[in-house]
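Remarks on the structure that follows.
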Amino acid sequence: MGRAFNQTVITGKTSTRGRLTALDIYHLEQRSPTLLKFYGSRIIGGHAAAPNSIKYMVSLQSTSGQHFCGGSLVHRYWVLTAAHSIIPNCELEGCIFILGDSNFQELVVHPLYNSSTNNADIMLVKLRAPMVLNRFVSLAPLPRQGTGVVEGHLCQVSGWGHNSVGGGQVPITLRTVTVPIVSAARCNSSDSFDGNITANMICAGYQSGGKDACKGDSGGPLVCRGRVYGVVSWGNGCGNGKFPGVYTAVSRFRRWIDQTIYGMYKKS
Numbered sequence: 022m023g024r025a026f027n028q029t030v031i032t033g034k035t036s037t038r039g040r041l042t043a044l045d046i047y048h049l050e051q052r053s054p055t056l057l058k059f060y061g062s063r064i065i066g067g068h069a070a071a072p073n074s075i076k077y078m079v080s081l082q083s084t085s086g087q088h089f090c091g092g093s094l095v096h097r098y099w100v101l102t103a104a105h106s107i108i109p110n111c112e113l114e115g116c117i118f119i120l121g122d123s124n125f126q127e128l129v130v131h132p133l134y135n136s137s138t139n140n141a142d143i144m145l146v147k148l149r150a151p152m153v154l155n156r157f158v159s160l161a162p163l164p165r166q167g168t169g170v171v172e173g174h175l176c177q178v179s180g181w182g183h184n185s186v187g188g189g190q191v192p193i194t195l196r197t198v199t200v201p202i203v204s205a206a207r208c209n210s211s212d213s214f215d216g217n218i219t220a221n222m223i224c225a226g227y228q229s230g231g232k233d234a235c236k237g238d239s240g241g242p243l244v245c246r247g248r249v250y251g252v253v254s255w256g257n258g259c260g261n262g263k264f265p266g267v268y269t270a271v272s273r274f275r276r277w278i279d280q281t282i283y284g285m286y287k288k289s
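Read in order, the letters of the sequence shown are residues 22 to 289 in the numbering used here.
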C-alpha cells in the first residue's frame, strides 16, 4: 500500500498526567496458578480451553492483577488488540506495558478509529524487547487483506472469565466458545443493530443467544479457519440472541498491520 497512514501514537516515555499504571501483558499459561480480580468480564456459555492450545493469547492487566483486555501476539514485537479497551487507560493515567520483562514502546491506533461508533476499533502495541517464541508462545496467524468468512461459519472466541457476574476473585482459566458468523444484513437489521454495523465489523452469535464474548474479553481473537479474523469489540449486553457480538474485521486492516509492523515502525 503506497500511502503513509496518519497514525495516533502513544509512546512509553511521554505520559505525564497522573500516576503511571503498570499493565502486564504475558502468556498466562506460563505462570503458576494464582487468582485475579475480574469484574463482570467473562466468556458466556463457553468451556475451558485446553492448556497451551491458544499460544498467542495475551492478557492485559493492571498492577493489582485485574485483567481488563485481551490481545493476540502477531509479531515478536507486536500485540494486536482493541483500541477502545486501551486508550482510556493510557490517556487518562498513562501506562506501561510489560510482556515478560519487556516494557511497551508505542501504542499505534488506527487512524480511522472512532470511539463513538467503534469503527476501526483496532490497535497495535509495540514492545521494547521481542517475545521469545517457544512451545508455549507462538504468533497468531492472520487472514489476507479483503478475505471474508461466510455466514454460518463456526468460529472460536477466547478470553479469561468467571461464572459470577458480580465479580470477585477467580482462578486464571482461559475459556473459549464457538459462535457462528452472522450476516451483515441480519446484524444491521432494524431488529438488531439498526444500521450501526460498518464494513469494518463482523458479527457472530446464535439467534438463541447464550454464547458470546463479554466486557473483559475485549481485544481478544475471533478465530475462523485457524486465523484471527476478528478482534472482540462491542455489543449490546452479552449472549443476547437479538444482538450478536461485534468484532473488528482484521482482514480489512491487514495492509495497515503489515505496514505498521514492517514499514514505519520496523524494529531493526
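Beta carbons are placed, not taken as given, at the ideal position from N, Cα and C, and that holds for glycine.
These numbers were taken from a predicted model, which means no experiment stands behind them.
Apply the 10 Å Cβ neighbour rule to Tyr77 and answer buried if 16 or more other Cβ atoms are within range, or exposed otherwise. The residue given as residue 77 occupies position 56 in the sequence shown. Buried.
Among Ser137, Pro132, Tyr268, Val95, the one whose alpha carbon lies nearest that of Val203: As a first step, residue 203 must be located in the sequence shown, where it is residue number 182. The candidate whose alpha carbon is nearest that of Val203 is Tyr268.
Length of the line joining the Cα atoms of Ile278 and Leu145: The residue given as residue 278 occupies position 257 in the sequence shown. The residue given as residue 145 occupies position 124 in the sequence shown. Approximately 8 Å between the Cα atoms of the pair.
From Ser254, Lys263, Val95, Val200, pick the residue whose C-alpha is nearest to that of Met152; which is it? Looking up residue 152 in the sequence shown gives position 131. Of the candidates Ser254, Lys263, Val95, Val200, the one whose C-alpha sits nearest the C-alpha of Met152 is Val95.
Closest by C-alpha distance to Arg207, when choosing among Lys263, Val79, Trp99, Ala270: Numbered from its first residue, the sequence shown carries residue 207 at position 186. When only C-alpha atoms are compared, the closest one is Lys263.
Going by DSSP, name the residue or residues bridged to Ser179. Reading the sequence shown from its first residue, position 158 is the one you call residue 179. According to DSSP, Ser179 bridges with Thr197.
Just the Cα atoms here: how many angstroms apart are Phe274 and Gly251? Translated into the one-based positions of the sequence shown, residue 274 becomes position 253. Translated into the one-based positions of the sequence shown, residue 251 becomes position 230. Those two C-alpha atoms are separated by around 10 Å.
Would you mind working out which of Arg149, Ala70, Arg97, Thr168 sits nearest Arg248, comparing C-alpha positions? In the sequence shown, residue 248 corresponds to position 227, counting from 1. It is Thr168.
Pop quiz: Leu243 and Ala225 are said to be a contact at Cβ under 8 Å. What is the actual Cβ separation, rounded to whole angstroms? Taking the sequence shown and counting its residues from 1, the one referred to as residue 243 is at position 222. Taking the sequence shown and counting its residues from 1, the one referred to as residue 225 is at position 204. Leu243 to Ala225, Cβ: 6 Å. Contact.
CA-to-CA distance, Ala150 to Tyr98, given in whole angstroms: Mapped onto the sequence shown, residue 98 falls at position 77. Mapped onto the sequence shown, residue 150 falls at position 129. Taking the straight line joining both Cα atoms gives about 7 Å.
Best match in Gly266, Ser74, Val253, Trp255 for proximity to Phe157 [C-alpha to C-alpha]: Here residue 157 refers to the residue found at position 136 of the sequence shown. Ranking the options by Cα distance to Phe157, first place goes to Ser74.
Gln126 versus Tyr283 - alpha carbon distance: As a first step, residue 126 is located in the sequence shown; it is residue number 105 there, counting from the start. As a first step, residue 283 is located in the sequence shown; it is residue number 262 there, counting from the start. Gln126 and Tyr283: Cα-Cα distance of roughly 15 Å.
CA-CA distance, Phe89 and Cys245? For the purposes of this step, residue 89 is identified with residue 68 of the sequence shown, where counting begins at 1. For the purposes of this step, residue 245 is identified with residue 224 of the sequence shown, where counting begins at 1. Rounded to the nearest angstrom, the two C-alpha atoms are 24 Å apart.
Less than 7 Å between C-beta atoms, sequence neighbours within five positions excluded: which residues of the same chain meet that for Ser272? As a working note, residue 272 is residue 251 in the sequence shown. Pro164, Arg165, Gln166, Gly167, Thr168, Gly169, Tyr250.
Given a cut-off of 8 Å, decide if Ile218 and Ala270 are closer than it, judged by their beta-carbon atoms. As a position in the sequence shown, residue 270 is number 249, starting the count at 1. As a position in the sequence shown, residue 218 is number 197, starting the count at 1. No, Cβ-Cβ distance for Ala270 and Ile218 is not below 8 Å.
Tell me the DSSP secondary structure of Ser93 in three-state form. Counted from its first residue, the sequence shown places residue 93 at position 72. The answer is strand: DSSP assigns Ser93 an E or B state.
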